[in-house]
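Undergrad:
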Amino acid sequence: DEDKWDFVLVSDIHEVGSQREIKRKKFLDELSKKGFAIKKIEDKKLFYGVRAPRQIFQKYQWLLRNPNSRQQNPSDDHNIPVTTRIRIVNFILQNTTTPDFEKLQDLIKKRVFEATFPLHENDSVREFLKEKWARWSLVFHKQPIEKIRCYFGEKVALYFAWLGWYTCLLGIAAAAGLVVFVAGITVFSSSQVSKEICQANNTIMCPLCDQKCPFWLLSETCTYAKVTHMIDNEGTVLFAMFMAIWATVFLELWKRQRATVVTDWDLYRWDEEKEALAMELINNMQHEPQKHQHSYLRSTIVLLLVLVMIAVLIGIAHALVIYRVIATALFTQSNSEFIREQANTMAVMTGAVLHYITIVVMTKVNRQVALFLCDLEKPRTFSHRENNFTVKIFTFQFFTNFSSLIYIAFFLGRINGHPGNYVRIAGKWRLEECHPSGCITDLFIQMAIIMVLKQTISNVIEYLIPWITHKMHKKQRPKKRSLMVGEEEEVEDPCKRQWLSNYQLNEVNIFSLFDEFLEMVIQYSFTTIFVAAFPLAPLLAFFNNLLEIRLDAIKMMRLSRRMVPRKANDIGIWLQVLEAIGILAVIGNGLVIAITSDFIPVQVYKYTYSPCVTENSTGVDCSTGYINHSLSVFRIQDFESHTKVPEMRLEFARDEIKECRYRDYRNADDYSYTVQFWHIFAARLAFLILFEHAALCVKLIAAWYVPDVPQSVKNNFLERKHSNLRKEL
Numbered sequence: 001d002e003d004k005w006d007f008v009l010v011s012d013i014h015e016v017g018s019q020r021e022i023k024r025k026k027f028l029d030e031l032s033k034k035g036f037a038i039k040k041i042e043d044k045k046l047f048y049g050v051r052a053p054r055q056i057f058q059k060y061q062w063l064l065r066n067p068n069s070r071q072q073n074p075s076d077d078h079n080i081p082v083t084t085r086i087r088i089v090n091f092i093l094q095n096t097t098t099p100d101f102e103k104l105q106d107l108i109k110k111r112v113f114e115a116t117f118p119l120h121e122n123d124s125v126r127e128f129l130k131e132k133w134a135r136w137s138l139v140f141h142k143q144p145i146e147k148i149r150c151y152f153g154e155k156v157a158l159y160f161a162w163l164g165w166y167t168c169l170l171g172i173a174a175a176a177g178l179v180v181f182v183a184g185i186t187v188f189s190s191s192q193v194s195k196e197i198c199q200a201n202n203t204i205m206c207p208l209c210d211q212k213c214p215f216w217l218l219s220e221t222c223t224y225a226k227v228t229h230m231i232d233n234e235g236t237v238l239f240a241m242f243m244a245i246w247a248t249v250f251l252e253l254w255k256r257q258r259a260t261v262v263t264d265w266d267l268y269r270w271d272e273e274k275e276a277l278a279m280e281l282i283n284n285m286q287h288e289p290q291k292h293q294h295s296y297l298r299s300t301i302v303l304l305l306v307l308v309m310i311a312v313l314i315g316i317a318h319a320l321v322i323y324r325v326i327a328t329a330l331f332t333q334s335n336s337e338f339i340r341e342q343a344n345t346m347a348v349m350t351g352a353v354l355h356y357i358t359i360v361v362m363t364k365v366n367r368q369v370a371l372f373l374c375d376l377e378k379p380r381t382f383s384h385r386e387n388n389f390t391v392k393i394f395t396f397q398f399f400t401n402f403s404s405l406i407y408i409a410f411f412l413g414r415i416n417g418h419p420g421n422y423v424r425i426a427g428k429w430r431l432e433e434c435h436p437s438g439c440i441t442d443l444f445i446q447m448a449i450i451m452v453l454k455q456t457i458s459n460v461i462e463y464l465i466p467w468i469t470h471k472m473h474k475k476q477r478p479k480k481r482s483l484m485v486g487e488e489e490e491v492e493d494p495c496k497r498q499w500l501s502n503y504q505l506n507e508v509n510i511f512s513l514f515d516e517f518l519e520m521v522i523q524y525s526f527t528t529i530f531v532a533a534f535p536l537a538p539l540l541a542f543f544n545n546l547l548e549i550r551l552d553a554i555k556m557m558r559l560s561r562r563m564v565p566r567k568a569n570d571i572g573i574w575l576q577v578l579e580a581i582g583i584l585a586v587i588g589n590g591l592v593i594a595i596t597s598d599f600i601p602v603q604v605y606k607y608t609y610s611p612c613v614t615e616n617s618t619g620v621d622c623s624t625g626y627i628n629h630s631l632s633v634f635r636i637q638d639f640e641s642h643t644k645v646p647e648m649r650l651e652f653a654r655d656e657i658k659e660c661r662y663r664d665y666r667n668a669d670d671y672s673y674t675v676q677f678w679h680i681f682a683a684r685l686a687f688l689i690l691f692e693h694a695a696l697c698v699k700l701i702a703a704w705y706v707p708d709v710p711q712s713v714k715n716n717f718l719e720r721k722h723s724n725l726r727k728e729l
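Position one of the sequence shown corresponds to residue 1 (the working numbering), numbered consecutively onward.
1) Between residue 72 and residue 278, what straight-line distance do the alpha-carbon atoms span, to the nearest angstrom?
2) State the DSSP-derived secondary structure class of residue 133, mapped to helix, strand or coil.
3) Reducing DSSP to helix, strand and coil, say where residue 482 ends up.
4) If contacts are defined as beta-carbon pairs under 8 Å, then residue 416 and residue 431 qualify, I think. What distance do you get, rounded to the angstrom?
5) Smallest Cα separation from residue 20: which of 112, 99 and 540?
6) In whole angstroms, what is the alpha-carbon distance linking residue 218 and residue 197?
7) Are there three or more Cβ pairs, one per stretch, closer than 8 Å when the segment 366-375 is compared with the segment 386-404?
8) From 521, 469 and 452, pick the residue whose C-alpha is nearest to that of residue 397; which is it?
9) Alpha carbon to alpha carbon, how far is residue 512 from residue 459? Give it in angstroms, no decimals.
10) Roughly how many angstroms separate the alpha carbons of residue 535 and residue 580, rounded to a whole number?
11) If you reduce the DSSP assignment to three classes, tell me which class residue 467 lands in.
12) Cβ of residue 80 within 9 Å of Cβ of residue 57?
13) Under 9 Å, do residue 607 and residue 205 count as touching if we go by C-beta distance?
14) Indicate whether the contact test is met: 3 or more Cβ pairs, each with one atom in the segment 579-598 and one in the segment 684-698, closer than 8 Å.
15) Is residue 46 helix, strand or coil when you go by DSSP?
16) Could you pull out every residue in the same chain whose Cβ sits closer than 8 Å to the Cβ of residue 101, ignoring the five residues on either side in sequence?
17) Taking a contact to mean a Cβ-Cβ separation below 9 Å, would you say residue 161 touches residue 257 in this structure?
18) I'd like the ranges of any alpha helix (DSSP H) spanning at least 4 consecutive residues and lying wholly in the segment 401-479.
19) Identify every run of the alpha helix (DSSP H) within the segment 488-516, keeping only runs that are complete inside it and at least 4 residues long; order them along the chain.
20) Tell me the rounded alpha-carbon separation between residue 215 and residue 672.
21) Verify whether the separation of the beta carbon atoms of residue 129 and residue 109 is less than 9 Å.
22) Span of the beta strand (DSSP E) holding residue 659?
23) Check whether the segment 239-250 touches the segment 527-541, taking contact to mean three or more Cβ pairs, one atom from each stretch, closer than 8 Å.
24) Under 7 Å Cβ to Cβ from residue 93, same chain only, skipping five residues before and after it: list those, please.
25) Apply the 10 Å Cβ neighbour rule to residue 166 and answer buried if 16 or more other Cβ atoms are within range, or exposed otherwise.
26) Would you decide whether residue 705 is buried or exposed? Buried here means 16 or more other CB atoms lie within 10 Å of its CB.
27) What's the C-alpha gap between residue 29 and residue 145?
28) Exposed or buried, which one is residue 484 when buried takes at least 16 other CB atoms within 10 Å?
29) At what residue ranges does the segment 172-259 contain a whole run of the alpha helix (DSSP H), taking only runs of 4 or more?
30) Does the count of Cβ pairs from the segment 437-454 and the segment 596-615 closer than 8 Å reach three?
31) If you follow the beta strand (DSSP E) that residue 635 is part of, which residue opens it and which one closes it?
32) If you run the structure through DSSP and keep just helix, strand and coil, what is residue 668?
33) In three-state terms, what does DSSP make of residue 721?
34) Which class does residue 522 belong to by DSSP, given the choice of helix, strand or coil?
35) Given a threshold of 16 other Cβ atoms within 10 Å of its Cβ, counted over all protein chains shown, does residue 143 qualify as buried or as exposed?
36) Hey, residue 545 and residue 163 are a contact pair by Cβ (cut 8 Å); roughly how many whole angstroms apart?
Right, here's the structure in full:
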């Protein structure tokens, strides 16, 4: 085809004889020597269309031919897919060196060229994808994976296949989460524990802050207690178990799905290294392969730098904690009564918003650090580099997103001392406490805010920015036509319009697909790791993904330049990352139930200290009296010197109050831990060990039960081997 061009290079119009113009000429001469056809079109910029000669593709087919298939005649290259064509041409463009030893990347950095991109073609596949895939109205339709592969290559097709599969199975988890949540609202709002809190009209609690906080009654937290028991109940324990199994089954089923898809494409046993070497040799016959190397010194330096970065991210989480402590102190001293009463919730809310902002900022920082560390490691090939980069950036993102949640789940309210001896920041501000009805609600609020913000804001930005830039570019287009009105119309080159419209789309880079994967994998961690505290996470993720699939499709088809296709036969190192998250999810949920929730203390109380056990009474609810049991007594005279003992509410006479209650298991005389504390501590550990071992065993059984590769795929290979050997004989 004389009018089909593989790639377009765009450059500013430089002055004749300038340094940039000379460099550009040298690069284009190198391409001509390799037999490339080059076409130049001048507009406000210079456009160079390049088309590779046929023999390049013949070499490729000859080197990577399948010895089992019929002997290919090297001259029939009409059947080479467009995606392969673009991939080869891109490789040659990126690796063509000018006499000054500069490659295309260097020339782009020096502003010799401005952009390079393959063209969107106006063919049937593109029209089909636009109509049947990249539309909001098709949210519940199956995706045409085969066609996506024909247009964008295997890597993109596998991303969409994975995303579709993940969303499908999320539907099951979402339904289960919803059932647990609804059950929580209906069954558990009337639990004995929350009833006791609502009836505690004469339980006087210690002040929540040093200055203007009054003594208060436990019954004031009635609604909050009901909310807590909606989340913190027996159903949640089962749901956490269910999600651990779900995560395993999801990955096992995905491996099967991938094996089927990739076998249909004939890529199951594809050798990436061979492909890379073939490309290098086609580009340059004298090419020597880079040897495998490993340097312990380099690895040690990289490891230390990664640890330093993680320490910085944890430091940021600490800063957020300090912010919340100081904010609570300031809110409680405010003059408005509403702010004083809601001080804690306001601090948590603003803290969560701040956390979201740090996530957005640190994401950009993490990327630069990860790239720098990758350069230090000097990986051998592009895919090695990508794997190293993936692991690093995922680790950094994980700590950015989760360090504050980890603090709220496992440390909040456990390290703050007790009345009369509080742990203070800089000797002044009291560390924050959990809400009186349990810590799990704080975690629930934090999770809800971050997930909702992350998914709504990120998606809106992800779609709006490309859409607005696309519209802006389009607006700038028609000006140059009005110049021609006076003159007689000159015939416009058919390529010019296509090249210009492609140039005006948003640019894509190597990270475009990577970012989509990273976003989904972080979301996957949110839906599995702390799911015990937030059973609605899978539901939010499910709705988000239904939109995400179409959003990515519209972005790729209508708003962005064409991605350079890449060949792949799996989703790469992301699979290991997802498996790691599956194990973290078991540990995380076990810890949430054992440490954050009140599940264990209530069970210990029921089976050892409750009226059912001590008085053999059968007619009572076994958790009767739990609240009184879980509060310790504090004598007012032991307050620290700088705690202003508050003015009392009118209901009580001031001098009547000799003691107040606080959540902990401590003795009334010397404030040391009671026997119950150690009993519950042991029960928490025992539960954690049991839960994790049981969940991991179930994961292993599930992994064994569902084979990675379907039998049909194995039989397919078996028959092929058999028929080939028979032919040889």
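A virtual CB, placed ideally from N, CA and C, is assigned to each residue, including glycine. As the structure is a prediction and not an experimental result, all values here were calculated from the model.
TA: Well, looking at it:
1) By 1-based counting over the sequence shown, the position of residue 72 is 72. By 1-based counting over the sequence shown, the position of residue 278 is 278. Because residue 72 sits at a pLDDT of 47, beneath the cut-off of 50, its placement in the model cannot be relied upon, and the point is left open.
2) In the sequence shown, counting from the first residue as 1, residue 133 sits at position 133. Note: residue 133 maps to coil in three-state DSSP.
3) Here residue 482 refers to the residue found at position 482 of the sequence shown. Caution is warranted here: a pLDDT of 44 is assigned to residue 482, below 50, making its placement in the model unreliable, and no coordinate value can be reported.
4) Translated into positions along the sequence shown, residue 416 becomes position 416. Translated into positions along the sequence shown, residue 431 becomes position 431. Contact holds; Cβ gap of about 4 Å.
5) On the sequence shown, position 20 is the one that residue 20 refers to. Taking only the C-alpha atoms, the option nearest residue 20 is 112.
6) What you label residue 218 is simply residue 218 of the sequence shown in a count that begins at 1. What you label residue 197 is simply residue 197 of the sequence shown in a count that begins at 1. If you take the alpha carbons of residue 218 and residue 197, they lie about 6 Å apart.
7) yes
8) The residue you call residue 397 lines up with position 397 of the sequence shown. Selected option, being the one with the closest Cα: 521.
9) As a first step, residue 459 must be located in the sequence shown, where it is residue number 459. As a first step, residue 512 must be located in the sequence shown, where it is residue number 512. Cα-Cα distance, rounded: 15 Å.
10) Within the sequence shown, numbered from 1, the residue matching residue 535 stands at position 535. Within the sequence shown, numbered from 1, the residue matching residue 580 stands at position 580. Going from the Cα of residue 535 to the Cα of residue 580 covers about 21 Å.
11) For this step, residue 467 is matched to residue 467 along the sequence shown. If DSSP states are grouped into helix, strand and coil, residue 467 belongs with the helices.
12) Numbered from its first residue, the sequence shown carries residue 80 at position 80. Numbered from its first residue, the sequence shown carries residue 57 at position 57. Closer than 9 Å, so yes.
13) If you number the sequence shown from 1, residue 607 lands on position 607. If you number the sequence shown from 1, residue 205 lands on position 205. Not a contact, by the Cβ cut-off of 9 Å.
14) yes
15) As a position in the sequence shown, residue 46 is number 46, starting the count at 1. Strand, per DSSP.
16) Counting from 1 along the sequence shown, the entry for residue 101 is found at position 101. Excluding residues within five positions, none has a Cβ falling inside 8 Å.
17) Your numbering for residue 161 matches position 161 in the sequence shown. Your numbering for residue 257 matches position 257 in the sequence shown. Against a cut-off of 9 Å, the Cβ pair of residue 257 and residue 161 comes out as a contact.
18) 440-475
19) 494-503
20) By 1-based counting over the sequence shown, the position of residue 215 is 215. By 1-based counting over the sequence shown, the position of residue 672 is 672. Looking at the two C-alpha atoms, the distance is approximately 23 Å.
21) Looking up residue 129 in the sequence shown gives position 129. Looking up residue 109 in the sequence shown gives position 109. Not closer than 9 Å, so no.
22) Working through the sequence shown from its first residue, we reach residue 659 at position 659. Its beta strand (DSSP E) spans residues 659-663.
23) yes
24) Position 93 of the sequence shown, counted from the start, is the residue given in the question as residue 93. Within the same chain, residue 93 has close Cβ partners 7, 104 and 116.
25) What you label residue 166 is simply residue 166 of the sequence shown in a count that begins at 1. Buried: at least 16 other Cβ atoms inside 10 Å.
26) As a position in the sequence shown, residue 705 is number 705, starting the count at 1. Residue 705 is exposed by the Cβ-count criterion.
27) Residue numbering aside, residue 29 sits at position 29 when the sequence shown is read from its first letter. Residue numbering aside, residue 145 sits at position 145 when the sequence shown is read from its first letter. So the alpha carbons of these two residues sit roughly 40 Å apart.
28) The residue you call residue 484 lines up with position 484 of the sequence shown. The pLDDT assigned to residue 484 is 48, lower than 50, so where the model puts this residue is not dependable, and the model offers no usable value.
29) 192-199 and 222-231
30) yes
31) Within the sequence shown, residue 635 is the residue found at index 635, counting from 1. Looking at the DSSP string, the run of the beta strand (DSSP E) that includes residue 635 is 631-635.
32) Reading the sequence shown from its first residue, position 668 is the one you call residue 668. Here residue 668 sits in coil by DSSP.
33) Taking the sequence shown and counting its residues from 1, one reaches residue 721 at position 721. In this structure, residue 721 counts as helix in the three-state DSSP scheme.
34) As a working note, residue 522 is residue 522 in the sequence shown. Here residue 522 sits in helix by DSSP.
35) Along the sequence shown, one-based indexing puts residue 143 at 143. Buried: at least 16 other Cβ atoms inside 10 Å.
36) As a working note, residue 545 is residue 545 in the sequence shown. As a working note, residue 163 is residue 163 in the sequence shown. Right, the Cβ-Cβ distance comes to about 7 Å (below 8 Å), so this counts as a contact.
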